[in-house]
Amino acid sequence: MIVAGIDVGGKNVHIVIARNGDIMAKAGAPSGINKAEAVEQLYDETLKKAGLKREDVSQVVATGSSGQRVAFAGGVIPDAAADARGVIRLIPSARTIIDVGAEEGRAIKISPEGKVLDFAINEKCAAGTGTFVDTMARALEIPIEEMSKISLQSTKSIPMNAQCAIFGESEVVSLIHQKTSRQDIARAVHDAIAGRVGSVARIVGIENDIVMIGGVARNDGFVESLKRELEMDIRVPENPDFVGALGAAAAAAAGITGEKVEARVVEKETIEEGTT
Amino acid sequence: MVEAKKVEFWRWPETSWVNPDIDWKKGKFITAGIDVGSVSSQAVVMVDGELYAYSNTRTGYDSPESAWKCLNMALEKSDLTADNLDYCIGTGYGRVNVPMAQRAITEIACHARGANFMYGPEVRTVMDMGGQDCKAIRCDNRGAVMKFMMNDKCAAGTGRGMEVFADLIGVPVWEIGERSFQIEKEPPMISSTCAVFAKTEVVGLLQEGVPENDIIAAYCSAMAHRICELLNRLGIEEKFVITGGIAKNIGVVKRLEKEMGVTTVELTWYAPKMRDKGLPFETQIAGGIGAAVFGAAMLERGKAKSARKA
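This is how it looks when you write it as structure tokens:
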């Protein structure tokens, strides 16, 4: 049986076409403003890669923050469910999943069977998401791959005062002006995000094996910062940004077209009170 | 060859002013308040408790440099120099790095005191939105702080949140308020509570063909709502006043008044003398005024010694 999993995220679309558990083809592209259109285009591209036509695919399941934009999907499952299904097939020893995408940071506790036991999400604040990384990379005027690389060269830990990406951008510009090395700044940025992601992870409880997925998992510098923050090892599967789509494909293969997951939404705690 | 200058929609103009009716040489106490914020810096100079000069500038990368810049700009058109100051108080985010200050006082205390000076003793609640924060302060009739709440961690509901939006939509930040009312019907507010995500939402709306002014109205509405949440948490008591740059944005102020069911005090001096003379009412100098007033009070009560050098 040939199935497809389509993950429509805040920034990118990822598609996996699989047959009997093996990936036949996969592709990813920016979702842009017109997500529905981007999905149609990428799906046809992926089918072509696999040498298939639309009718060859028995079931399509979508996921992601804009999963419902996939008009031709047979069902939509929540990201947390897709992540759990995807990760457990790749790393059966996984118990905690940390998924940091463009606009959301998630932590999922799963059972040995890959069932979601607990799930916390930061979706209201850009700090602790890929957008934060993007913003700072722009302020440093370097691509993210470069930022990842140089952050690993830093030997100094500089605290970033700003939690917010907008304030952080000003702070980075100030640091550059104060002649702080780009390596140290890049590391400081990753440490800052790791702090926020870490606190989301601690809500569900951190248990080995910890697996990180999502686009930000490709950022080695960030993964190192997160390991330091959690004081634990983290495993990152190959193609971490495709795991959601892989999980959706797995759901399709299992005949699952809908799932409910309870989410604990992290609130923004930003208000200070006082009397003087 | 004509080079196209990149328009910076967030860059509001820097200003300064000197009071033509005051001869500082005849004054007993000359005090200055220097408010160095993350985004803007103001210097206020008072002669015997009367407003003599002020400046409203953009903070640079360095607090001490910004402090000197705003003070020098305030005194540019005067023959008064920093050496003539009896006392100087620093406030704002960079208050510990104001080199010419004899003391630092918190921005919360200075804004309450400044609002009391600007708007009068009936003020009980002050909302100040600076570049990177938003404060709601309850005060008494002397401008002393009773309690406060502040957000200085999240750009939504701060000056930067508005600057970033103005830049994105390509409308000068000082025109935003007026444009927000050039609409047919009040649209729903921007739903993202994060200024960064709001940018994406705005881009989406622009692509959908939603008129610019409607988007501006939606953003002002969202910002007003954010402020209301803070104010409702604190609890407000009238008279309610607004200081800081946002006081000049009618798009946010009017919507805030509507949601709170409260009218804010008009942007004009409480003191009849100042009002009648038509002295400029710059809402961004409230912190600097408070600091300068504190300085004068301390000298008068003998709680501080003059640091005048010339």
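From first to last, the protein sequence lines are chains A and B. Residue numbers for the first sequence, in the working numbering: 110 to 385. Residue numbers for the second sequence, in the working numbering: 20 to 329. Glycine included, C-beta positions come from ideal geometry on N, C-alpha and C.
Contact of B/F313 with chain A by beta-carbon distance below 7 angstroms is absent, the smallest such distance being about 13 angstroms. Relative to A/E333, the option among A/A113, A/V166, A/G383 and A/H299 whose CA is nearest is A/H299.
At least one beta carbon of chain B lies nearer than 8 angstroms to the beta carbon of A/S279. Note: B/F167 is bridge-paired with A/G383 and B/I156 in the DSSP secondary-structure output.
Taking 7 angstroms as the cut-off between beta carbons, the residues of the region 214-242 of chain A near chain B are K233, C234, A235 and T240, in sequence order. The beta-carbon separation of B/C129 and B/V145, rounded to 11 angstroms, does not stay under the 8 angstroms limit for a contact.
Taking a C-beta distance under 8 angstroms as the contact criterion, B/G270 and B/C239 qualify as a contact pair. Within chain B, the residues K166, F167, M168, M169, R252 and L253 have their CB atoms less than 9 angstroms from the CB of A/E382, given in chain order. Under the three-state reduction of DSSP output, A/C273 falls in the coil class, being neither helix nor strand.
The Cβ-Cβ distance between A/E340 and B/M168 does not fall below 8 angstroms. In the structure shown, the three-state DSSP call for A/I230 is strand. Two segments are said to touch when three or more pairs of C-beta atoms, one from each, lie closer than 8 angstroms; by this definition the region 195-215 of chain B touches the region 260-277 of chain B. Taking a 10 Å sphere around the C-beta of A/T238, we find 16 or more other C-beta atoms and assign the residue as buried. For B/I53, the enclosing beta strand (DSSP E) stretches over residues I49 to V55.
A/I275 has a beta carbon lying within less than 8 angstroms of a beta carbon in chain B. Comparing C-alpha distances from B/N232 to each of B/F184, B/G264 and B/L104 shows the shortest one belongs to B/F184. Neighbours of A/S283 in chain B, taken as residues at a C-beta separation under 8 angstroms, are given in chain order as Y80.
In the structure shown, B/Y106 falls within a strand segment according to DSSP collapsed to helix, strand and coil. Taking 8 angstroms as the threshold, the shortest C-beta distance from A/T385 to chain B falls below it. For A/K135, the enclosing beta strand (DSSP E) has its first and last residue at D131 to P139.
Scanning B/I127, B/R30 and B/G178 for the CA closest to the CA of A/G383 turns up B/I127. Membership of B/N135 in the alpha helix (DSSP H) is indicated by the continuous run E126 to Y138. Following the DSSP letters along the chain, one finds B/V63 in no alpha helix (DSSP H) but inside the beta strand (DSSP E) bounded by residues S59 to V66. Here B/S74 is bridged, per DSSP, to B/S35 and B/A62. The region 277-294 of chain A makes no contact with the region 191-200 of chain A: fewer than 3 CB pairs, one atom from each, lie closer than 8 angstroms.
Listed in chain order, the positions of the region 127-152 of chain B with a beta carbon within less than 8 angstroms of a beta carbon of chain A are I127, A128 and Q151.
DSSP places A/Q168 in the uninterrupted beta strand (DSSP E) bounded by Q168 to T172. For the region 53-64 of chain B, the beta-carbon criterion of a distance under 9 angstroms to any beta-carbon of chain A is satisfied by S57 and V58.
A/Q287 reaches chain B at Y80 and D81, counting residues in chain order whose Cβ is nearer than 9 angstroms.
Below the 7 angstroms Cβ cutoff, chain B contributes F216 as neighbours of A/E212, in chain order.
Taking 8 angstroms as the threshold, the shortest C-beta distance from A/I253 to chain B does not fall below it.
Under the three-pair Cβ rule at 8 angstroms, the region 45-60 of chain B counts as touching the region 95-110 of chain B. Per DSSP, B/D147 is one residue of the beta strand (DSSP E) stretching across T144 to M148. In chain A, no part has a C-beta under 8 angstroms from the C-beta of B/C158; the shortest such distance is about 11 angstroms.
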